[in-house]
Amino acid sequence: MKITFDRERVLHAFQSVASVVPTRSPKAILKNVKLDAADNQLVVSATDMEVGIRIEVGDIEVEAGGSVLVPVDRFGSILRESTDEKLRIETTDKGISVRGDRSRFSLPSENPEEFPVVASFEEEKFHEIPIRLFREMIRRTLFATDTESSRYALGGVLLEMEAEKITAVGTDGRRLAKMEGPARAVNGHGSGDTMTIVPTRAMQLMERTTSDGDTEVQIAARANDILVKTPNTTIYARLVEGRFPKWRDVFPKRTSAVQIEMTVGPLYSALRQAAVVVSDDSRGVDFKFGDGTLMLSASTSDLGQSEVELPIPYNGESIIVTLDHRYVADFLKVLDAERTFTFEIESPDAAALCSTDDGYGYVIMPLARDR
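At position 163 of the sequence shown the residue is numbered 163 (my numbering), and the sequence of numbers has no breaks.
What follows is the structure in structure tokens.
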């Protein structure tokens with residue numbers, strides 16, 4: 001291999017790919033990033049055998065194509081610390097040579113043929129969805145997943161793909177976030193009865209390595225894994241094993257609940273004020289609706305009490321529900337401050353439902369009141 005490339009452009013791709021490289025692994029070869037050069041293009045890839053990523057970088061000067069493995073830490077440091085605009089990589093008998101106008105490095109390199117294959121996207125059946133919508137789906141559901149529980153199925157986002165839409169669901173058993181939006185099934189692709197549960201870490205990678213400028217993303221769900229492709233990036237991930245809860249049963253089905261239109265920004269501000277006196281042991285905030293006011297109150301024996309009033313368009317009978325302030329804040333943080341949503345409540349013992357007019361729903365289980 002003998003190539004010359006723009007350092008900044010390759011650095012951007014390399015940093016995204018390097019996030020997949022395991023810090024500890026019985027397979028030492030996985031601590032490398034693979035570079036494949038051909039046809040004025042460089043493919044930068046890495047995997048930990050559970051998640052893999054390939055990023056294509058164009059406008060590369062390829063004098064001699066080929067493949068090479070570069071140690072993630074040392075090569076990454078060269079890309080970050082070098083002040084050269086362009087760098088040149090050339091394979092040697094002892095490894096690789098990296099040169100710039102004012103710098104020269106020699107690094108050892110392992111056999112690229114021993115590196116695991118990082119899957120490329122060659123599927124004929126897939127779903128196509130606007131990238132902005134897909135990123136919003138991830139952002140609005142990922143926070144509700146459970147990364148600590150032994151219930152593995154909760155450690156990922158469920159994707160249900162139908163003919164004209166995709167639904168993403170995340171839950172940790174105490175709250176549940178659901179987002180759906182329009183999508184196009186190509187050649188009859190769909191998740192069917194398969195539980196397509198994408199690991200939290202893979203979803204984080206998908207959001208981090210895509211941008212709104214990518215316009216469309218293609219998603220292909222298979223029996224045990226999933227492939228996600230944008231114009232320059234392909235991400236592979238093994239699916240989480242286990243059965244996801246019947247999330248539709250979690251959404252309240254009631255006719256007597258009170259529905260109140262609220263604005264994100266004012267409620268988030270009032271909630272942060274009320275939460276000043278909460279503690280790790282007492283996270284509950286009372287939400288009291290009535291007489292045109294939402295009263296947010298909290299109390300702990302060692303930190304004190306708080307009461308914060310917020311005007312609301314509700315003058316019915318008083319209803320109080322106690323909610324974990326963190327769970328409410330998580331919902332509010334993923335929405336714009338100016339956005340309105342519907343806050344649906346029925347009784348102190350019933351789940352609260354927050355929903356928007358663009359397919360987003362969020363269920364929060366209530367806490368027992370202790371005062």
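Cβ coordinates follow ideal geometry from the N, Cα and C atoms, glycine included.
My understanding is that residue i touches residue j, with C-beta atoms under 8 Å, so please give their C-beta distance in whole angstroms.
i	j	result
residue 21	residue 30	7 Å
residue 277	residue 305	6 Å
residue 428	residue 84	Outside the displayed span of the chain (1 to 371) sits residue 428, for which this structure offers no information.
residue 127	residue 174	Actually they are not in contact, since the Cβ atoms of residue 127 and residue 174 sit about 30 Å apart, beyond 8 Å.
residue 123	residue 220	4 Å
residue 338	residue 265	7 Å
residue 200	residue 142	6 Å
residue 274	residue 297	6 Å
residue 38	residue 57	No, residue 38 and residue 57 are not in contact; Cβ-Cβ is about 12 Å, not under 8 Å.
residue 76	residue 86	Not confirmed; about 17 Å, so no contact.
With distances taken between CB atoms, is the gap from residue i to residue j smaller than 8 Å?
i	j	result
residue 26	residue 69	no
residue 309	residue 293	yes
residue 120	residue 234	yes
residue 312	residue 288	no
residue 367	residue 328	no
residue 66	residue 91	yes
residue 166	residue 138	no
residue 5	residue 53	no
residue 217	residue 134	yes
residue 350	residue 364	no
residue 356	residue 343	no
residue 300	residue 279	yes
residue 256	residue 346	yes
Buried or exposed: residue i, going by 16 or more other Cβ atoms within 10 Å of its Cβ?
i	result
residue 361	buried
residue 303	exposed
residue 17	buried
residue 229	buried
residue 170	buried
residue 49	exposed
residue 259	exposed
residue 205	buried
residue 196	buried
residue 34	buried
residue 117	exposed
residue 24	exposed
residue 32	buried
residue 215	exposed
residue 168	buried
DSSP state of residue i, grouped into three classes?
i	result
residue 12	helix
residue 385	The structure shown does not extend to residue 385, since the chain is modelled only from 1 through 371, so no value can be given for it.
residue 316	coil
residue 36	strand
residue 360	strand
residue 340	strand
residue 200	helix
residue 141	helix
residue 178	strand
residue 3	strand
residue 271	helix
residue 24	coil
residue 121	coil
residue 102	coil
residue 376	Because the chain is modelled from 1 through 371, residue 376 falls outside the range shown and cannot be assessed.
residue 173	coil
residue 265	helix
residue 373	This structure gives no information on residue 373, because the portion of the chain shown stretches from 1 to 371.
Does the beta-carbon of residue i, which I'm using as the reference point, lie nearer than 7 Å to any heavy atom of the ligand NAP?
i	result
residue 12	As far as ligands go, the structure on display features none, and thus does not contain the ligand NAP.
### Message
For the structure I just gave you, are there three or more beta carbon pairs, one from the region 89-100 and one from the region 170-181, closer than 8 Å?
### Response
no
### At least three beta-carbon pairs within less than 8 Å, the region 61-80 to the region 6-24
yes
### Task
Take every Cβ of the region 144-159, pair it with every Cβ of the region 236-248, and state whether three or more of those distances are shorter than 8 Å.
yes
#### Entry: At least three beta-carbon pairs within less than 8 Å, the region 246-260 to the region 184-191
no
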